[in-house]
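Participant: Shown below is the structure under consideration.
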Amino acid sequence: MLEISELRKRFAAAPGATEGKLALDGIGFTVRPGEMFGFVGANGAGKTTTMRIVMGVLKADSGSVSWQGKPLGYGERQRFGYMPEERGLYQKMRAGEQIEYFGQLHGLSAPAAKKATDDLLERLGLTERRNDSVESLSLGNQQRVQLAVALVHDPEVLILDEPFSGLDPIAVETLATALQERCRGGVPVIFSSHQLELVERLCDSVGIVSAGRMVASGTVGDLRAAEGGTLRVVVRGATPGWADGLPGELSVTGDRHTLLVAGGDDQEILRRALKAGHVEHFGVEQPTLTEIFKEAVA
Amino acid sequence: MNGMMLVARREIGTQVRTRAFKISLLITAVLVGALAFAPKLLDRPDSYTVGTVNSQQLPLAQAAPDATFEWRAFPDEEAAKEAVLAGDVDAALIDGVRVITDGEIETELGVLMQSTNREVKLGAAGVSIPPLQMQSVGADTRYEAARTGIAVVLVLVLFMLIIGQTMMVAMGVVEEKGSRIVEILLSSIRPWQLLGGKIIGLGVLGLINLGTILVVGLAASFASGFAADFPPGMAGIVAGVLVWFVLGYAFFATLAAALASLVSRQEEVGNVMSPLTMLIMAAYFVAFYATSDPTGTLATIVSFVPPFSSMVMPVRMAATEVPLWEVGASAALMIVAVLATLSFGAKVYERAVLRTGARVKLGEVLRAK
Numbered sequence: 018m019l020e021i022s023e024l025r026k027r028f029a030a031a032p033g034a035t036e037g038k039l040a041l042d043g044i045g046f047t048v049r050p051g052e053m054f055g056f057v058g059a060n061g062a063g064k065t066t067t068m069r070i071v072m073g074v075l076k077a078d079s080g081s082v083s084w085q086g087k088p089l090g091y092g093e094r095q096r097f098g099y100m101p102e103e104r105g106l107y108q109k110m111r112a113g114e115q116i117e118y119f120g121q122l123h124g125l126s127a128p129a130a131k132k133a134t135d136d137l138l139e140r141l142g143l144t145e146r147r148n149d150s151v152e153s154l155s156l157g158n159q160q161r162v163q164l165a166v167a168l169v170h171d172p173e174v175l176i177l178d179e180p181f182s183g184l185d186p187i188a189v190e191t192l193a194t195a196l197q198e199r200c201r202g203g204v205p206v207i208f209s210s211h212q213l214e215l216v217e218r219l220c221d222s223v224g225i226v227s228a229g230r231m232v233a234s235g236t237v238g239d240l241r242a243a244e245g246g247t248l249r250v251v252v253r254g255a256t257p258g259w260a261d262g263l264p265g266e267l268s269v270t271g272d273r274h275t276l277l278v279a280g281g282d283d284q285e286i287l288r289r290a291l292k293a294g295h296v297e298h299f300g301v302e303q304p305t306l307t308e309i310f311k312e313a314v315a
Numbered sequence: 005m006n007g008m009m010l011v012a013r014r015e016i017g018t019q020v021r022t023r024a025f026k027i028s029l030l031i032t033a034v035l036v037g038a039l040a041f042a043p044k045l046l047d048r049p050d051s052y053t054v055g056t057v058n059s060q061q062l063p064l065a066q067a068a069p070d071a072t073f074e075w076r077a078f079p080d081e082e083a084a085k086e087a088v089l090a091g092d093v094d095a096a097l098i099d100g101v102r103v104i105t106d107g108e109i110e111t112e113l114g115v116l117m118q119s120t121n122r123e124v125k126l127g128a129a130g131v132s133i134p135p136l137q138m139q140s141v142g143a144d145t146r147y148e149a150a151r152t153g154i155a156v157v158l159v160l161v162l163f164m165l166i167i168g169q170t171m172m173v174a175m176g177v178v179e180e181k182g183s184r185i186v187e188i189l190l191s192s193i194r195p196w197q198l199l200g201g202k203i204i205g206l207g208v209l210g211l212i213n214l215g216t217i218l219v220v221g222l223a224a225s226f227a228s229g230f231a232a233d234f235p236p237g238m239a240g241i242v243a244g245v246l247v248w249f250v251l252g253y254a255f256f257a258t259l260a261a262a263l264a265s266l267v268s269r270q271e272e273v274g275n276v277m278s279p280l281t282m283l284i285m286a287a288y289f290v291a292f293y294a295t296s297d298p299t300g301t302l303a304t305i306v307s308f309v310p311p312f313s314s315m316v317m318p319v320r321m322a323a324t325e326v327p328l329w330e331v332g333a334s335a336a337l338m339i340v341a342v343l344a345t346l347s348f349g350a351k352v353y354e355r356a357v358l359r360t361g362a363r364v365k366l367g368e369v370l371r372a373k
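In order, the protein sequences belong to chains A and B.
Residue numbers for the first sequence follow my numbering, beginning at 18 and rising by one.
Residue numbers for the second sequence follow my numbering, beginning at 5 and rising by one.
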């Protein structure tokens, strides 16, 4: 289990300013083995800073990160896979050699690194590109190489900062499939993204960050339950004023009356609606992650 | 250690494959080879063509055995004059008493003709003069020209290689920092492994370059016959050059890596490196001056002061005889300086290389705990 608790980080003050920006204000969450954790939040909320602290690229002012009950150190991080926000590859180096190189740096023997590279290139559909220099690859293919670099040493944990940004739908699918495979193999995966539908579809649990704090976290189902559904009633040809005294918002287009209610006595509403006219629709709508997110960071 | 070697191997592997590396190696090899043949081509023995009218040939070849002389007889002064003006002959001896030339006579030929003529006339009168005995009481200057030549080439080669490889280190550091590769690298290896590997890798490339220059230079010198002028102890000079290159490169490259780690963009490299570039230039100028005055006070003192000693000492060693203790003491001082630079440079690099964005101030890095 990867446990991140009470991380605080204030950046050095800019010249002239008395205090630097408070990037993290006690953020904390845990990710279990085999869990895919989606990290969402506005730009500057603290996602990247958190990931960089987990990877040891930055030092937190306080708080801790532990893996399998032990504080995370250099040795453990060597078995992590990391994809930084700004992509880092040697532009002039060949794709295959680059993946092998990082495999060896993570401690693989030369033949093992070669084998792992061959497997990954095949799985990511890059076998043909093995000897092409990275700069000659398309953005999508560069991103695949970047993912391969994070995966080559069969990491115990995956930390990916915006792995899906700028990818076409097919590349997104390839990447998502690769991550799901690792996840099923028991690897905890943390990734940040602004594509909330994707997070909703892929992730077992979600953490919403705002101003350096975790404002909501849990499974998507939990978050929905906490947020509560919205009752949507559509009545055709209702007599005006039928919804007077009922909670919620009524909107009328032509002879269609739509009532949106959060909470309230749904049975009473149904009775009133049936009396008022022809009920076309009556149901509770689950909030999307986008709605939960907007609500949480508001 | 393993990580450091992997980094070094990558540096060598990627650079050696580039077209730029191969071409520059080829160009230096050709240049150095040509240089070894240059003395032979430029220093050809003098040759003169002298005309005669009603005169005996003078025994010029006897007086100047290195030069070659060709004699041509003309029927009268008019014909000789024409040949002189046309440049067919350098001078013409008329009736054994006059010499005609086109403008001023070449000094060497003039002196030669005068003295030979005098000797011939005196000999005919029965006077014989024993030639003057020449003896040097100063240092053996037989190899001076060759020594100076070697030193001049050496200072250029050392300067080019040190500044070239040092720049490569700086650009490599910024490439990794700017693209954030360093974030992935440093989650698998330690900063000193990355820094050390890069410096070693590019240093090996520098040595490959230097080795090529030495091998080609020596081989061409033997082929051209220039090697005959080599001063004694040439093997020591060659070994010294290699050692001093390694020391100088280690010093400057470490500082370059430290300075480069302060910036995140290639455009800023030149700016942040300028103090170091100036230091290397200063060492180059002093070393160049030392080629003309290798025994002077300035050259002697500076050949002990790191990092200047890394360029001045090898030049002194090539240009003149340097006592072994002086070389040893200078090398010891330089090694101390390199070790100090390594510890300082590694500290700056480690603290600055992950701080991407605006240029990091050196003072800030040193103050941070």
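Beta carbons are placed, not taken as given, at the ideal position from N, Cα and C, and that holds for glycine.
1. In terms of DSSP beta bridges, what is residue 84 of chain A paired with?
2. Exposed or buried, which one is residue 213 of chain B when buried takes at least 16 other CB atoms within 10 Å?
3. Taking the beta carbon of residue 159 of chain A as the centre, do at least 16 other beta carbons fall within 10 Å, making it buried, or is it exposed?
4. By the three-class DSSP mapping on this structure, what secondary structure does residue 176 of chain A have?
5. Starting from the C-beta of residue 254 of chain A, find all residues in its chain whose C-beta is less than 8 Å away, skip the five residues before and the five after it, and write them out in chain order.
6. Chain A partners of residue 7 of chain B, CB-CB under 8 Å?
7. Kindly list, in the order they appear in chain B, the residues whose Cβ is closer than 9 Å to that of residue 131 of chain A.
8. Among B:75, B:308, B:240, B:132, which residue has its Cα nearest to the Cα of residue 335 of chain B?
9. What are the complete alpha helix (DSSP H) segments, minimum 4 residues, inside the stretch 33-114 of chain B?
10. If you draw a straight line from the C-alpha of residue 18 of chain A to the C-alpha of residue 173 of chain A, how long is it?
11. Which residue's Cα is closest to the Cα of residue 403 of chain B: B:37, B:151, B:251?
12. Give the interface partners of residue 109 of chain A over in chain B, defined as CB-CB distance under 7 Å, in chain order.
13. What number of angstroms, rounded off, separates the C-alpha of residue 226 of chain B from the C-alpha of residue 232 of chain B?
14. Helix or strand or just coil, what does DSSP make of residue 353 of chain B?
15. Return the Cβ separation of residue 226 of chain A and residue 44 of chain A in integer angstroms, given the expectation that the two are a contact with Cβ distance under 8 Å.
16. So is residue 63 of chain B buried or exposed if we call it buried at 16+ other beta carbons inside 10 Å?
17. Using a threshold of 9 Å, state whether the C-beta atoms of residue 273 of chain B and residue 174 of chain B are closer than that.
18. Going along chain B in order, which residues have a C-beta closer than 8 Å to the C-beta of residue 106 of chain A?
19. What residues from the stretch 61-84 of chain A come within 9 Å of chain B, judged by C-beta to C-beta, listed N to C?
20. Mind checking who residue 291 of chain A pairs with in its DSSP beta bridge?
21. Along the stretch 194-211 of chain A, where does the CB come closer than 8 Å to a CB of chain B? Name the residues.
22. Within the 9 Å Cβ cut-off, does residue 166 of chain A reach chain B?
23. Check the Cβ-Cβ distances between residue 95 of chain A and every residue of chain B, and say whether any is below 9 Å.
24. Is it the case that the stretch 94-104 of chain A contacts the stretch 20-34 of chain A, given that we only count it when at least three CB pairs across the two stretches are under 8 Å?
25. Identify, in the order they occur along the chain, each residue of the same chain with its Cβ nearer than 8 Å to the Cβ of residue 210 of chain A, setting aside the five sequence neighbours on each side.
26. From the beta carbon of residue 179 of chain B, is the nearest beta carbon of chain A less than 9 Å away?
27. Kindly indicate if chain A contains any beta-carbon less than 9 Å away from that of residue 22 of chain B.
28. Identify whether residue 337 of chain A lies in helix, strand or coil by the three-state DSSP scheme.
29. When Cβ atoms are compared, which residues of the stretch 288-300 of chain A fall closer than 8 Å to chain B?
30. Does the pairing of the stretch 335-347 of chain B with the stretch 310-323 of chain B give three or more beta-carbon distances under 8 Å?
31. In whole angstroms, what separates the C-alpha of residue 12 of chain B from that of residue 201 of chain B?
32. Hey, quick one: how far does the alpha helix (DSSP H) through residue 243 of chain A stretch, first residue to last?
33. Taking Cβ positions only, does residue 56 of chain A come closer than 9 Å to chain B?
34. Residue 193 of chain B touches chain A at which residues, Cβ-Cβ below 8 Å?
35. Determine, using beta carbons only, whether residue 101 of chain A comes closer than 9 Å to chain B.
36. Alpha helix (DSSP H) containing residue 217 of chain A: first to last residue?
Facilitator: In short:
1. A:19, A:87
2. buried
3. buried
4. strand
5. 272, 294, 295
6. 122
7. The contacting residues do not exist; residue 131 of chain A stays about 14 Å from chain B at best.
8. B:308
9. 64-67, 81-90
10. 10 Å
11. Here chain B has residues from 5 to 373 only, and residue 403 of chain B is not among them.
12. 18
13. 8 Å
14. helix
15. 7 Å
16. exposed
17. yes
18. 183, 185
19. 69, 72, 73, 74, 75
20. Bridge partners of residue 291 of chain A: none, in fact.
21. none
22. yes
23. yes
24. no
25. 55, 56, 57, 179, 180, 181, 182, 216
26. yes
27. yes
28. The structure shown does not extend to residue 337 of chain A, since chain A spans only 18 to 315, so no value can be given for it.
29. none
30. yes
31. 4 Å
32. 237-244
33. no
34. 122
35. yes
36. 213-219
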